[in-house]
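Enquirer: Just so you know, the protein sequences line up as chains D and X, in that order.
At position 51 of the first sequence the residue is numbered 51 (my numbering), and the sequence of numbers has no breaks.
Each number in my numbering corresponds to the 1-based position in the second sequence with 226 added.
The beta-carbon is built from N, C-alpha and C at its ideal position, and this holds for glycine as well.
There are 2 protein chains.
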Amino acid sequence: MKGKIFIIEDEASIVQLVQHNLEKEGFVVSSSLNGNEGLKELKKFEPNLLLLDWMLPDLSGIDICKNIRRDSNFKSLPIIMLTAKGEEEDKVKGLESGVDDYVTKPFSFNELSARIKAVLRRSDPKVVANELIFDDLKLDRIEKRVFRSDKEIQLGPTEFRLLEFFLTNPKRVYSRDQILETVWPNNVNVESRTIDVHIRRLRQSINIEGKKELIRTVRASGYSLV
Amino acid sequence: MKGKIFIIEDEASIVQLVQHNLEKEGFVVSSSLNGNEGLKELKKFEPNLLLLDWMLPDLSGIDICKNIRRDSNFKSLPIIMLTAKGEEEDKVKGLESGVDDYVTKPFSFNELSARIKAVLRRSDPKVVANELIFDDLKLDRIEKRVFRSDKEIQLGPTEFRLLEFFLTNPKRVYSRDQILETVWPNNVNVESRTIDVHIRRLRQSINIEGKKELIRTVRASGYSLV
DNA sequence: TCTTAATGTTACAGAAATATTACAAATTAA
DNA sequence: TTAATTTGTAATATTTCTGTAACATTAAGA
Chain D
1 MKGKIFIIED EASIVQLVQH NLEKEGFVVS SSLNGNEGLK ELKKFEPNLL LLDWMLPDLS
61 GIDICKNIRR DSNFKSLPII MLTAKGEEED KVKGLESGVD DYVTKPFSFN ELSARIKAVL
121 RRSDPKVVAN ELIFDDLKLD RIEKRVFRSD KEIQLGPTEF RLLEFFLTNP KRVYSRDQIL
181 ETVWPNNVNV ESRTIDVHIR RLRQSINIEG KKELIRTVRA SGYSLV
Chain X
227 MKGKIFIIED EASIVQLVQH NLEKEGFVVS SSLNGNEGLK ELKKFEPNLL LLDWMLPDLS
287 GIDICKNIRR DSNFKSLPII MLTAKGEEED KVKGLESGVD DYVTKPFSFN ELSARIKAVL
347 RRSDPKVVAN ELIFDDLKLD RIEKRVFRSD KEIQLGPTEF RLLEFFLTNP KRVYSRDQIL
407 ETVWPNNVNV ESRTIDVHIR RLRQSINIEG KKELIRTVRA SGYSLV
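Below you can see the structure in the form of structure tokens.
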């Protein structure tokens, strides 16, 4: 199970980039463009981690940080601070105020992603599990293996990614377009019907004699793992 | 028995990250945020290795280095320097002043950890494991020997490092890029297909009649030891 | 029931990834 | 120095995967 991440950051473009990519990795993401509202929403959202901009129009990141640390429900919420270059001197202060890590803008998404996972691994290991499990299906991202009822299954690269995708959000129905966008590399143009064929291949591979069908077709909507 | 490591570095977040992870690996770790105090504590602590920041608020890394080299008790203490990007030109100078290795910030913990072990392996083999074993495969890092089912196998230097790499994380699938980054010396540019050839050579060497294949090809992902 | 649109299934050719081989250049040992 | 070993790459062979088109089947509404 992947975790929930909340973002408080006033630069919409950053929020968009980060949110989109984190969702692609299977995180559930919510965000706010300013401090005060963000604080409220955050407490409703109950994330596993907070990405927090250092400089916000209304409150400073530090203030938010302190507020959060005072709230017993969020005392141990991991926080990663996003700072701009030149605010370096403030780093120590930031860390003293209870930040778990910081990333300096501009950053690459990969860098951020690595930091997020590192922090989560310390604070909440199960949300960055390398194994995705659903029913009697198990997918190991590190070893790149898939098992159904402990029996190993061989999948081609695309079928592997497809299954990985479904496993990050089981039960949810995805349209062909959503599947294409996430599972296929960017800028690749494939016929939407192609997905049907891959679904077929995946089904054929993961279906075991006597066991129930795991991929549901939702007519006019798409597919889901059930 | 794992050794003791001392860290002198003024960025608290780095210290925290590194210290935490090293302790997880079984090292005993102590640290200081500035040079003068660090020097004193270090000499009390008597580490097997020192991680030293290049730029410190009070003393420069070089000064500390020289101080240590003058002290007959610590003349041969292995030192790994942490430098920021842009200080590259200083590298050689750093190495001349008796540093054993350096790591450029930002670094991944894995990178640092590998360097630490490499340095310790040279200077103080007993504090770091020197035999890697997987299945009926055994690699001795000190004697640079490899055995399969107790039968010695001759490997070229590159194949040796390649196997050593796989043995540090068996089962895990590595991409060609990851392999290149870790197994080849820094800044060397080799074709990614070259790895295929070395994999082939390694396979040829370690495969024994009748025994199972040990290197798995994972299409679109890389290779792993299984 | 008939019609139509959506999905399932199959086969196949081209594409892409990996395996293998040979060789020249570079490095090391003798 | 010469000989032997090791390395990286390019060329070629082989394997596996992919996307599409064509046809089959199913579901839902008229």
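Looking only at its chain, what residues have a beta carbon closer than 6 Å to the beta carbon of D366(X), apart from the 5 residues adjacent to it on each side?
Expert: So the qualifying residues of the chain are E357.
Enquirer: Can you tell me which of the three DSSP states I432(X) falls into?
Expert: It is helical.
Enquirer: Taking contact to mean at least 3 C-beta pairs separated by less than 8 Å, is the region 238-250 of chain X in contact with the region 284-291 of chain X?
Expert: With the cut-off at 8 Å, the region 238-250 of chain X and the region 284-291 of chain X do not touch.
Enquirer: Assess contact between the region 113-130 of chain D and the region 149-169 of chain D, defined as three or more Cβ pairs (one per stretch) separated by less than 8 Å. Is contact present?
Expert: At 8 Å Cβ cutoff, the stretches do not touch.
Enquirer: Between the C-alpha atoms of E369(X) and R295(X), what's the straight-line distance to the nearest angstrom?
Expert: For E369(X) and R295(X), the distance between alpha carbons rounds to 29 Å.
Enquirer: Could you check where the alpha helix (DSSP H) with A310(X) kicks off and where it finishes?
Expert: Here A310(X) belongs to no alpha helix (DSSP H); instead the beta strand (DSSP E) covers 305-310.
Enquirer: Return the chain-ordered list of same chain residues with a C-beta closer than 7 Å to the C-beta of A12(D), the five sequence neighbours on each side being excluded.
Expert: Correct list, in chain order: L33.
Enquirer: Is the CB-CB distance between P78(D) and S113(D) below 8 Å?
Expert: For P78(D) and S113(D), no; Cβs fall outside 8 Å.
Enquirer: The region 101-125 of chain D: which residues have C-beta closer than 8 Å to a C-beta of chain X, in chain order?
Expert: Under the 8 Å Cβ criterion, the region 101-125 of chain D contributes D101, Y102, E111, A114, A118, R122.
Enquirer: Are the C-beta of K212(D) and some C-beta of chain X separated by less than 8 Å?
Expert: With 8 Å as the cut-off, K212(D) does not count as an interface residue toward chain X.
Enquirer: Which runs of the alpha helix (DSSP H) at least 4 residues long sit entirely within the region 329-401 of chain X? Give them in chain order.
Expert: The region 329-401 of chain X contains these whole alpha helix (DSSP H) runs: 335-349, 383-394.
Enquirer: With DSSP as the reference, label G264(X) as helix, strand or coil.
Expert: Note: G264(X) maps to helix in three-state DSSP.
Enquirer: Can you find a CB in chain D that lies within less than 8 Å of the CB of V409(X)?
Expert: Not closer than 8 Å to any Cβ of chain D, the Cβ of V409(X) fails to qualify, so no.
Enquirer: Could you have a look at V28(D) and say whether DSSP puts it in helix, strand or coil?
Expert: If DSSP states are grouped into helix, strand and coil, V28(D) belongs with the strands.
Enquirer: Which residue or residues does DSSP assign as beta-bridge partners of T420(X)?
Expert: Note: T420(X) sits in no beta bridge, so no partner.
Enquirer: Leaving out five residues before and five after F166(D) in sequence, what residues of the same chain have Cβ atoms less than 6 Å from its Cβ?
Expert: Closer than 6 Å at Cβ, skipping near neighbours: L225.
Enquirer: Less than 8 Å between the C-beta atoms of I231(X) and L268(X), yes or no?
Expert: No, the Cβ-Cβ distance between I231(X) and L268(X) is not below 8 Å.
Enquirer: Quick one: does R216(D) have its CB under 8 Å from some CB of chain X?
Expert: Not an interface residue.
Enquirer: Kindly say whether E143(D), judged by its beta-carbon, lies nearer than 8 Å to any beta-carbon of chain X.
Expert: So yes, E143(D) belongs to the interface.
Enquirer: Span of the alpha helix (DSSP H) holding G3(D)?
Expert: It is not in any alpha helix (DSSP H) - G3(D) carries neither H nor E in the DSSP assignment.
Enquirer: Taking C-alpha atoms, which residue in N262(X), W280(X), D284(X), K301(X) lies nearest to P273(X)?
Expert: It is K301(X).
Enquirer: What residues of chain D sit near A310(X), judged by a beta carbon separation below 8 Å?
Expert: Under the 8 Å cutoff, chain D gives no residues; its nearest Cβ is about 11 Å from A310(X).
Enquirer: Count the C-beta pairs between the region 381-390 of chain X and the region 424-435 of chain X that are closer than 8 Å, then say yes if the count reaches three, no if not.
Expert: Cβ pair count under 8 Å is three or more, so yes.
Enquirer: Which residues in chain X sit within 8 Å of P157(D), going by Cβ to Cβ distance?
Expert: Here the neighbours are R445, A446, S447.
Enquirer: Residues of chain D with CB closer than 8 Å to the CB of V399(X), please, in chain order.
Expert: The answer, in chain order, is I142, E143, K144.
Enquirer: Would you mind giving the Cβ-Cβ distance between E111(D) and V99(D), rounded to the nearest angstrom? I have them listed as a contact below 8 Å.
Expert: Contact flag wrong, Cβ pair sits at about 16 Å.
Enquirer: Indicate the three-state DSSP secondary structure (helix, strand or coil) for S447(X) in the structure shown.
Expert: Coil.
Enquirer: My output table needs one value for L406(X): the three-state DSSP class, helix, strand or coil.
Expert: Helix.
Enquirer: Going by the beta-carbon positions, is the gap between V255(X) and I233(X) smaller than 8 Å?
Expert: Contact: yes.
Enquirer: The beta strand (DSSP E) with D63(D) in it runs from where to where?
Expert: D63(D) -> not in any beta strand (DSSP E); alpha helix (DSSP H) instead, spanning 61-70.
Enquirer: State buried or exposed for R219(D), treating a residue as buried only when at least 16 other CB atoms are found within 10 Å of its CB.
Expert: Answer is exposed; the Cβ neighbour count stays below 16.
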